[in-house]
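One structure below.
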Amino acid sequence: MSEQVTALPDATSHSIPQAPSPVRRRSRLAEKARAIALGAGFPLVLILLWDRAVALTGTRLVPSPRQVAVMMYDFSFGGVYDDAFSATILTHIWKSMTRVYGGFFLAALIGIPLGLMIGRIRVLRQLLDPTINLLRPIPVTAWLPLSMIFFGLGPNAAIFLVFLGAFYPILLNTMFGVRSVDMRLFEAAAMLGCSGPAMFRQIVFPASLPAIFNGLRIAHGFAWILIVVGEMTGVPTGLGSVIMDGRTLSRTDLVVTGMIVIGVCGFVTDRIIVVISNRVLQWSPQHHA
Amino acid sequence: MRNPERPHVVIRGVTKRFQVGDGAVEALGRIDVTIATGAFVCLIGASGCGKSTLLRIVAGFEEPTTGEVLVDAKPVTAPGSDRGMVFQDYALFPWMTVRQNIGFGPRQRQLPRKEVDDIADEFVRLVGLESAANRYPSQLSGGMKQRVAIARVLANNANILLMDEPFGALDALTREQLQRELLQIWSRTRVTVVFVTHSVEEAALLADRVLVMSAGPGRIESDINVDLPRPREVSSPEFNAVRRELARRLTSHMASARARVDELT
Chain A
1 MSEQVTALPD
11 ATSHSIPQAP
21 SPVRRRSRLA
31 EKARAIALGA
41 GFPLVLILLW
51 DRAVALTGTR
61 LVPSPRQVAV
71 MMYDFSFGGV
81 YDDAFSATIL
91 THIWKSMTRV
101 YGGFFLAALI
111 GIPLGLMIGR
121 IRVLRQLLDP
131 TINLLRPIPV
141 TAWLPLSMIF
151 FGLGPNAAIF
161 LVFLGAFYPI
171 LLNTMFGVRS
181 VDMRLFEAAA
191 MLGCSGPAMF
201 RQIVFPASLP
211 AIFNGLRIAH
221 GFAWILIVVG
231 EMTGVPTGLG
241 SVIMDGRTLS
251 RTDLVVTGMI
261 VIGVCGFVTD
271 RIIVVISNRV
281 LQWSPQHHA
Chain B
1001 MRNPERPHVV
1011 IRGVTKRFQV
1021 GDGAVEALGR
1031 IDVTIATGAF
1041 VCLIGASGCG
1051 KSTLLRIVAG
1061 FEEPTTGEVL
1071 VDAKPVTAPG
1081 SDRGMVFQDY
1091 ALFPWMTVRQ
1101 NIGFGPRQRQ
1111 LPRKEVDDIA
1121 DEFVRLVGLE
1131 SAANRYPSQL
1141 SGGMKQRVAI
1151 ARVLANNANI
1161 LLMDEPFGAL
1171 DALTREQLQR
1181 ELLQIWSRTR
1191 VTVVFVTHSV
1201 EEAALLADRV
1211 LVMSAGPGRI
1221 ESDINVDLPR
1231 PREVSSPEFN
1241 AVRRELARRL
1251 TSHMASARAR
1261 VDELT
């Protein structure tokens, strides 16, 4: 959001060849610092409220922030509880990432080309669109029993569930992207001698990229959401399985720790996607997230 | 008209009907026109007279309902690089830089990379965009975008420029500037230009020949040769005479078209 606001003075300084004044640069820095302070301050307030609420109610069912912090330390470095979870964070993150990105990239690999073709080829759209819209509302969790039958207990079932969750946003956004490409661009390309498969590669794909990236970003969020469900399928490692174990053992500090780690992983990787998409889509003035 | 004896574009018995809901709309009546090689022809008429449709048929984007279009004696069946369309809304590829947009056509012909670059640079220079060659379309002004669109079709060896109200979205100063540049490019490259406009002034300034169209269904009402010397002086009495004559023809056709509609209703 803040980049969008600061982009305005940038655009005007293009047309007026003039160095930005130091005053304006300082105020832009101050604006940025303010945005960070606000964005980071709010979770701190939430933690404070959480701490007060736990202390005031005296509950033993919900861990205090301090207990979670200790658990997080032990989960990361060990030396506090020295149990099965001590200093295992990297293993769990790594295992979960292989499933998140296995499912995510598989969804992108199938969803993007399929979406491009369905968006562009009428007969394919007539053939597949109803089926897609029939399958799409089915919750991923509903697939859990079948996926365990298809893929057995283990990581493949988890990857399949993540794939299902990530597939539809990628497919639908790609289809939408293709459908909303200005017809003139196809005409312009055709008159310049571009046709057939070259049209797909050179026009349909790049013109749809802003929508494709929107789809990828939404799907990527879903992929992290679904990792807990995916790892309910009886895998021994992974952040989702840590949370499931925490539930079984009634260790809510472990549950919350797992939740926070998933949140942070999702946040950091989302930022990476935003950076990549801003780079790839630097031509598109609408697409600076 | 440089080679009046050699026709470049022959439009023969072209009509166009569009299916709209249950009924059909007759967009073009019978159009018969022959355009000479190297001519600068303006199509002028009120909106809805089918001038853009006619241009799109010549471009190969639309098929005529009856009749045919011959370019260099060969019938038009599809868009082709010999006919370069310049759209009012530019239709540049937004993910390509100016140089990449201009090099797009040559790239389709599988030319070696070096040659594509040389052609692109040559046409970047032709339209004076050297300093903006690596910018994206979103970073250009309207006038610059239209220069890129013109260079893009010329770089692809188009020898017919089909221009659909290309300067309609530009401010007056930029429009005058681009009109001058277009005339320079036209006299240098000797391409045939078919230029759709609704501005009498623009037609009088640019054209060798003005085809005045009227609506309902679209047809060519007048075919006027403009033989004012170039460069044309817009304040001269001769220029004003041409402009008045065009305006008179245009409004009388519009009035008679309205009378026809009134009779029908």
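Protein chains in written order, with my numbering: chain A, 1 to 289; chain B, 1001 to 1265. Ideal placement from N, C-alpha and C gives every residue a C-beta, glycine not left out. Everything numeric in this text was worked out from a predicted model, so none of it was measured.
{"Check": "Residue burial classification, F77 of chain A (beta-carbon count within 10 angstroms, cutoff 16)", "Outcome": "exposed"}
{"Check": "Contact set between R1147 of chain B and chain A, taken where Cβ atoms lie within less than 9 Å", "Outcome": "The premise fails here: R1147 of chain B is roughly 15 Å from chain A at the closest Cβ pair, so nothing lies under 9 Å."}
{"Check": "Counted within 10 angstroms of its Cβ, other Cβ atoms place E231 of chain A as buried (16 or more) or exposed", "Outcome": "buried"}
{"Check": "Any beta strand (DSSP E) of 3 or more consecutive residues that is wholly inside the region 1141-1183 of chain B", "Outcome": "1160-1164"}
{"Check": "At least 3 beta-carbon pairs within less than 8 Å: the region 1037-1049 of chain B vs the region 1010-1017 of chain B", "Outcome": "no"}
{"Check": "Contact check, L1154 of chain B vs T1189 of chain B, beta carbons under 8 Å", "Outcome": "yes"}
{"Check": "Continuous beta strand (DSSP E) stretch holding E1221 of chain B: start and end", "Outcome": "1219-1225"}
{"Check": "First and last residue of the uninterrupted alpha helix (DSSP H) at I138 of chain A", "Outcome": "No alpha helix (DSSP H) holds I138 of chain A; DSSP gives it neither H nor E."}
{"Check": "Proximal chain B residues relative to R297 of chain A, where beta-carbon distance stays under 8 Å", "Outcome": "Any question about residue 297 of chain A goes unanswered here, given that chain A covers just 1 to 289."}
{"Check": "Cα-Cα separation, V235 of chain A to F176 of chain A", "Outcome": "36 Å"}
{"Check": "Alpha-carbon spacing of V70 of chain A relative to D253 of chain A, whole angstroms", "Outcome": "9 Å"}
{"Check": "Within 7 Å of chain A by C-beta, residues of the region 1091-1121 of chain B in sequence order", "Outcome": "A1091, F1093, P1094, W1095, F1104, G1105, Q1108, R1109"}
{"Check": "Entirely enclosed alpha helix (DSSP H) segments - the region 1085-1133 of chain B, minimum 4 residues", "Outcome": "1098-1102, 1104-1108, 1113-1126"}
{"Check": "Endpoints, beta strand (DSSP E) assigned at V1195 of chain B", "Outcome": "One detail in the question is off: residue 1195 of chain B reads as Phe in this sequence, not Val. Note, F1195 of chain B: beta strand (DSSP E), 1192-1197."}
{"Check": "Residue(s) in a DSSP beta bridge with M1213 of chain B", "Outcome": "B:G1045, B:I1220"}
{"Check": "Proximal residues, the region 1058-1086 of chain B versus chain A, C-beta separation under 9 Å", "Outcome": "A1059, G1060, F1061, A1078, P1079, G1080, S1081, R1083, G1084, M1085"}
{"Check": "Within-8 Å CB hit, N1159 of chain B to chain A", "Outcome": "no"}
{"Check": "Inter-residue spacing [alpha-carbon to alpha-carbon] between A11 of chain A and Y1136 of chain B", "Outcome": "Annotation note: pLDDT 38 at A11 of chain A (below 50); position unreliable, coordinate value reported separately. Rounded to whole angstroms, A11 of chain A to Y1136 of chain B spans 14 Å at the Cα level."}
{"Check": "Boundaries (first-last residue) of the alpha helix (DSSP H) holding V1025 of chain B", "Outcome": "No alpha helix (DSSP H) contains V1025 of chain B, which is instead part of the beta strand (DSSP E) from 1023-1037."}
{"Check": "Through-space distance from M259 of chain A to V45 of chain A, alpha-carbon basis", "Outcome": "18 Å"}
{"Check": "Test: S1047 of chain B CB closer than 8 Å to a CB of chain A", "Outcome": "no"}
{"Check": "Range covered by the beta strand (DSSP E) that runs through L1070 of chain B", "Outcome": "1066-1071"}
{"Check": "Euclidean distance between Cα positions of F172 of chain A and D270 of chain A", "Outcome": "The question names Phe, but residue 172 of chain A in the sequence shown is Leu. Using only the alpha carbons, I get a separation of about 20 Å."}
{"Check": "Cross-chain neighbours of D1089 of chain B in chain A, by beta carbon under 9 Å", "Outcome": "D182, R184"}
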